[in-house]
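Chains A and B are the protein sequences, given in the same order. Take the first sequence: its position 77, counting from 1, is numbered 132 in the working numbering, and each next residue is one higher. Take the second sequence: its position 256, counting from 1, is numbered 657 in the working numbering, and each next residue is one higher. The structure appears right after this line, and notes come after that.
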Amino acid sequence: MPTFRPGLVHTPVTPFKKDHSIDYDTYAKVLEFHIRNGAEALALPMPEGEDMSLTDPELRSLLKFAMEQVKGRVPVIAHVSDAGTSIAIERALYAQSLGVAAIVSHPPYFWHPKPSMVVEHLARIGNAVKLPFFIFNPPVESVGTTLSTEIVLELIEKLPNLAGVVDAGLDFVFMEEVMCNGRPLRPDLQLIAGADFMVSAGALGGSGVFSPLSSIAPRLVRELFELCRKGQFVEARAAQENIGALNHAIKAAGASGLRDGLTGLKTVLASMGRDCGVPRPPVRSAGEIERGHLLEAIAAMPFLKDEPRGW
Amino acid sequence: MKNFNLHGVMQAPVTPLKDDFSFDVSGFEKMVDFHVRHGAPAIAWPHHKAESLNLTIAERKLGAEIAVKTVAGRVPVSIFAGTLSEEDSLDIARHAQKIGADMLLTISPYCRRPSQEEIFDSIVRIGTHTDLPVLTYNSPWRNGEGVEFTAELTKRLIDRLPNYIGMKDASFHSEKFLEISRVALKMRPGFSIIQGVEHLLAAYPLGACGSFSSSGAIAPNLCNKFYASLVARDWETARECQFKISRLWRLFKEQYPSSLKGAMIMMGRSVGPTRSPLPTATKERIEFLRKQLEELNILQTEPHGW
């Protein structure tokens, strides 16, 4: 299998109408926006795309719509994660039939699985497809279970198509161990930053990013990505700090214990002229006061003035 | 207040013990001197690696005196004041200042899951109790346990304490580190963020100035080469060193520092047993470590004996 290196991957949000149904007209604009603003690949629907809040038929139709809209201009990576292994496998096979470039999946929600269950779950999904397979390490808060080094090493043994780890856990020790223990087993194993913290992952030998903030600040994300790609990690610090400030403001908004940033992301998007509605329940949208605080914080970030407004 | 340019892989000596588990004074002098002679840019004692919580307060004062006397001004000396009881921490802080230590590392008492307000009060109490520069130890554990210095708390402490000069950071997390560094370094340029052990490559480009070392006990040359490669922005060499250190950490982190002490003995530095409830490394364990260290090319390239 030729190595697929996805580079700068944008992770679009999923827009909703007032009645909470998927707003496909706007989704077409979202996808065009990302392609026009520097996406080298798209991964969807990632947690920022509210994958957990979509039904199985919706997940399929969203993916089909995206493939038809993108028309091969950039590779599309399909995110299939679910609590049940067989449900995730079926969705992965469907994605494969649509011609996606790769599959990404994270440990199963909810069951607080033991490591052997995580290995079994991900190995079966990976085995079911003939595509490059990426495993996603979620933030520790979000699904109650994370990948360990041991899980990754076992999956390398079991899956010839395991292409890499997309890490949003952000733990230095995990990243180090994946690289220093995983690379001897699979020399082209990729470590991809699973959130916009590219400097730490890049210094440790990572490449590429799945970027949630590309919806808001694609230029800043591109600047940081290019510096990291060139190995200019010290020079990248200022851009990384700007990303950090933006990330902090967005995550601080919203009522969810996950600090998922969904409310913050959609609130800021609307203020930049790209209204994608509000997150689906049970995620609460921002109240007037909270919205005010967030937009005030955003207005105080001069580095955002060069970012695109509107579509 | 003296100004320090803290940088590099700073060494945190173990506490050598005699066979009867008593404090080995002459062994400790040799240990401290070993680190200074092998390029330690600072000495920090007694961290967990030194079995800090298994030492009496009297032993901690004795060790602090020996450390200051042995280093004799060649590099700065930091004394760790974290204890189970805040009164003991204040006592150690007073003593450290009296004997001429250069700075104090402290944390709110462990095991109580202190709130952010409680940590703030605790650090202000210690920080205003001493004229020494103060560093805090950020030790968040998963699931909200441990003692965490969030960026917001760090900001409040910098505002409140003119002698708050840095942090030993064991969060090892891109987002948490960046939150602290981007806030603290703007408010107080020169604020020293020192990684808890050498998970340094991921943090150095974002403003970490060094680490308090674990692996320096057996591989000081590797530590110095690692830091030099960071300063030179030679990321290839830095990765090679970081990954080797990461493999060392995996060997030693279980029941830390039992295995580390075992490996040190094997390399000709008789640092003795480890105090209960921590076990002392067995002969079999030491033989296993010998093989691993040989495979990592540590035995062949690092100093043996004192």
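Here a beta-carbon is modelled for each residue, glycine too, at the ideal position from N, C-alpha and C.
Counting pairs of Cβ atoms below 8 Å between the segment 618-633 of chain B and the segment 578-585 of chain B, do you hit three or more?
-> In short, these stretches do not touch, since the Cβ pair count stays below three.
Contact list for the segment 606-617 of chain B against chain A, Cβ threshold 7 Å = Result list: P606, L607 and G608.
Coil, strand or helix - I472 (chain B) by DSSP = On the second sequence, residue 472 (chain B) is found 71 positions in, with the first residue counted as 1. Here residue 472 (chain B) turns out to be Val, not Ile, going by the sequence shown. For V472 (chain B), the three-state secondary structure derived from DSSP is helix.
Where E576 (chain B) meets chain A, residues with beta-carbon distance less than 8 Å | Taking the second sequence and counting its residues from 1, the one referred to as residue 576 (chain B) is at position 175. Under the 8 Å cutoff, chain A gives L225, A250, F252, G299 and N302.
Which of the residues in the segment 626-644 of chain B, read from start to end, lie with their CB under 8 Å from any CB of chain A?
-> So the list reads R634, W636, A639, R640, Q643 and F644, given in the order they occur along the chain.
What residues are listed by DSSP as bridge partners for P170 (chain A)?
-> In the first sequence, counting from the first residue as 1, residue 170 (chain A) sits at position 115. Within the DSSP bridge table, the entry for P170 (chain A) names no partner.
Which residues bound the beta strand (DSSP E) around P541 (chain B)?
-> Translated into the one-based positions of the second sequence, residue 541 (chain B) becomes position 140. Segment V535 to P541, the beta strand (DSSP E) holding P541 (chain B).
Whose C-beta lies closer than 6 Å to the C-beta of K462 (chain B) among residues of the same chain, with five residues either side of it excluded?
-> Residue 462 (chain B) sits at position 61 when you count from the first residue of the second sequence. Answer for K462 (chain B): H496, listed in chain order.
Give a yes or no on whether 9 Å exceeds the smallest Cβ distance from Q245 (chain A) to chain B.
-> Residue 245 (chain A) sits at position 190 when you count from the first residue of the first sequence. No, its Cβ sits nowhere closer than 9 Å to a Cβ of chain B.
Of the listed residues A:S269, A:A96, A:D74 and A:E281, nearest to V159 (chain A) (C-alpha basis) | Residue 159 (chain A) sits at position 104 when you count from the first residue of the first sequence. When each option's Cα is compared against that of V159 (chain A), the closest is A:A96.
So which of A:R146, A:T204, A:P242 and A:I353 has the shortest CA-CA distance to V233 (chain A)?
-> By 1-based counting over the first sequence, the position of residue 233 (chain A) is 178. Nearest Cα to V233 (chain A) within the set A:R146, A:T204, A:P242 and A:I353: A:T204.
Could you please give the first and the last residue of the uninterrupted beta strand (DSSP E) stretch that includes T507 (chain B)?
-> Along the second sequence, read from residue 1 onward, the residue named residue 507 (chain B) stands at position 106. M504 to T507 is the span of the beta strand (DSSP E), which, as asked, contains T507 (chain B).
By the criterion of Cβ-Cβ separation under 7 Å, what are the contact partners of M356 (chain A) in chain B?
-> Indexing the first sequence from 1 puts residue 356 (chain A) at position 301. Within 7 Å Cβ-Cβ: nothing; M356 (chain A) doesn't reach chain B, min ~12 Å.
Report buried or exposed for D251 (chain A), applying the criterion of at least 16 other Cβ atoms within 10 angstroms of its Cβ.
-> Residue mapping note: residue 251 (chain A) aligns to position 196 of the first sequence, counting from 1. Burial call: buried.
Please name the residue, chosen from B:F578, B:Y565 and B:A604, that lies closest to I527 (chain B) on a Cα-to-Cα basis.
-> Residue 527 (chain B) sits at position 126 when you count from the first residue of the second sequence. The shortest C-alpha separation from I527 (chain B) is found at B:Y565.
Residues bridged to F265 (chain A) (per DSSP) = Translated into the one-based positions of the first sequence, residue 265 (chain A) becomes position 210. Under the DSSP definition of a beta bridge, F265 (chain A) partners with A:V64.
Of the residues that make up the segment 567-591 of chain B, which ones have a beta carbon closer than 7 Å to any beta carbon in chain A?
-> Within the segment 567-591 of chain B, the residues whose Cβ lies closer than 7 Å to some Cβ of chain A are F573, H574, S575, E576, L579, E580 and R583, listed in chain order.
Touch test, the segment 121-133 of chain A against the segment 85-101 of chain A, Cβ-Cβ under 8 Å, three pairs minimum = Yes, the segment 121-133 of chain A touches the segment 85-101 of chain A.
Using 8 Å as the Cβ pair cut-off and three pairs as the minimum, do the segment 234-246 of chain A and the segment 655-670 of chain B touch?
-> Because the criterion of three Cβ pairs below 8 Å is not met, the segment 234-246 of chain A and the segment 655-670 of chain B do not touch.
Compile a chain-ordered list of the residues in the segment 271-302 of chain A whose CB is closer than 8 Å to at least one CB of chain B.
-> Cβ contacts with chain B: G286, F288, V289, A291, R292, Q295, E296, G299, A300 and N302.
With a 10 Å radius around its C-beta and 16 neighbouring C-beta atoms as the bar for buried, classify V632 (chain B) as buried or exposed.
-> Within the second sequence, residue 632 (chain B) is the residue found at index 231, counting from 1. Classification of V632 (chain B): exposed, given that the 10 Å Cβ count is below 16.
Count the other C-beta atoms from every protein chain shown that fall within 10 angstroms of the C-beta of P102 (chain A), then say buried if there are 16 or more, exposed otherwise.
-> For the purposes of this step, residue 102 (chain A) is taken as residue 47 along the first sequence, with counting starting at 1. By the neighbour-count rule (16 or more Cβ atoms within 10 Å), P102 (chain A) is buried.
Tell me, please, whether the CB atom of L602 (chain B) is closer than 9 Å to any CB atom in chain A?
-> Taking the second sequence and counting its residues from 1, the one referred to as residue 602 (chain B) is at position 201. For L602 (chain B), the answer is yes, since a Cβ of chain A falls inside 9 Å of its Cβ.
Would you mind reading off the limits of the alpha helix (DSSP H) that contains M253 (chain A)?
-> Residue numbering aside, residue 253 (chain A) sits at position 198 when the first sequence is read from its first letter. Counting along the chain, the alpha helix (DSSP H) containing M253 (chain A) begins and ends at M253 to A258.
Under 7 Å by beta carbon: chain A residues contacting R648 (chain B) | If you number the second sequence from 1, residue 648 (chain B) lands on position 247. Chain A residues near R648 (chain B): C235.
Neighbourhood of I180 (chain A) by C-beta distance below 8 Å, restricted to the same chain and skipping five residues each side = The residue given as residue 180 (chain A) occupies position 125 in the first sequence. Closer than 8 Å at Cβ, skipping near neighbours: V135, T140, A143, I144, A147, I158, S160 and F188.
Straight-line CA distance for F550 (chain B) to Q643 (chain B)?
-> In the second sequence, residue 550 (chain B) corresponds to position 149, counting from 1. In the second sequence, residue 643 (chain B) corresponds to position 242, counting from 1. Taking the straight line from one Cα to the other gives about 25 Å.
Helix or strand or just coil, what does DSSP make of Q656 (chain B)?
-> Locating residue 656 (chain B) in the second sequence gives position 255, counting from the first residue. Of the three classes helix, strand and coil, the one that applies to Q656 (chain B) here is coil, per DSSP.
Say whether chain A places a C-beta atom closer than 9 Å to the C-beta of R651 (chain B).
-> Residue numbering aside, residue 651 (chain B) sits at position 250 when the second sequence is read from its first letter. Yes - at least one Cβ of chain A is within 9 Å of the one on R651 (chain B).
Taking three-plus beta-carbon pairs below 8 Å as touching, is the segment 410-424 of chain B in contact with the segment 447-461 of chain B?
-> The way I'd put it, the segment 410-424 of chain B does touch the segment 447-461 of chain B; three or more beta-carbon pairs between them come closer than 8 Å.
Beta-carbon proximity list for P361 (chain A), same chain, < 7 Å, skipping 5 on both sides = Taking the first residue of the first sequence as 1, we reach residue 361 (chain A) at position 306. It is worth fixing the name first, because residue 361 (chain A) is Asp in this sequence and not Pro. Taken in chain order, the residues that qualify are R274.
Does A178 (chain A) come within less than 9 Å of chain B when only Cβ atoms are used?
-> Counted from its first residue, the first sequence places residue 178 (chain A) at position 123. Chain B has no Cβ within less than 9 Å of the Cβ of A178 (chain A).
Note down, in chain order, each residue of its chain lying with its Cβ closer than 6 Å to the Cβ of L694 (chain B), except the 5 sequence neighbours on either side.
-> Counted from its first residue, the second sequence places residue 694 (chain B) at position 293. Residues of the same chain with a CB within less than 6 Å of the CB of L694 (chain B), apart from the 5 flanking positions on each side, are L700 in chain order.
First and last residue of the uninterrupted alpha helix (DSSP H) at Y149 (chain A) | Counted from its first residue, the first sequence places residue 149 (chain A) at position 94. For Y149 (chain A), the enclosing alpha helix (DSSP H) covers residues T140 to L153.
Mind checking who F191 (chain A) pairs with in its DSSP beta bridge?
-> Stepping through the first sequence from its first residue, residue 191 (chain A) is reached at position 136. Per DSSP, A:V221.
Whether L268 (chain A) touches N216 (chain A) by CB criterion (9 Å) | Numbered from 1 along the first sequence, position 213 holds the residue referred to as residue 268 (chain A). Numbered from 1 along the first sequence, position 161 holds the residue referred to as residue 216 (chain A). For L268 (chain A) and N216 (chain A), no; Cβs fall outside 9 Å.
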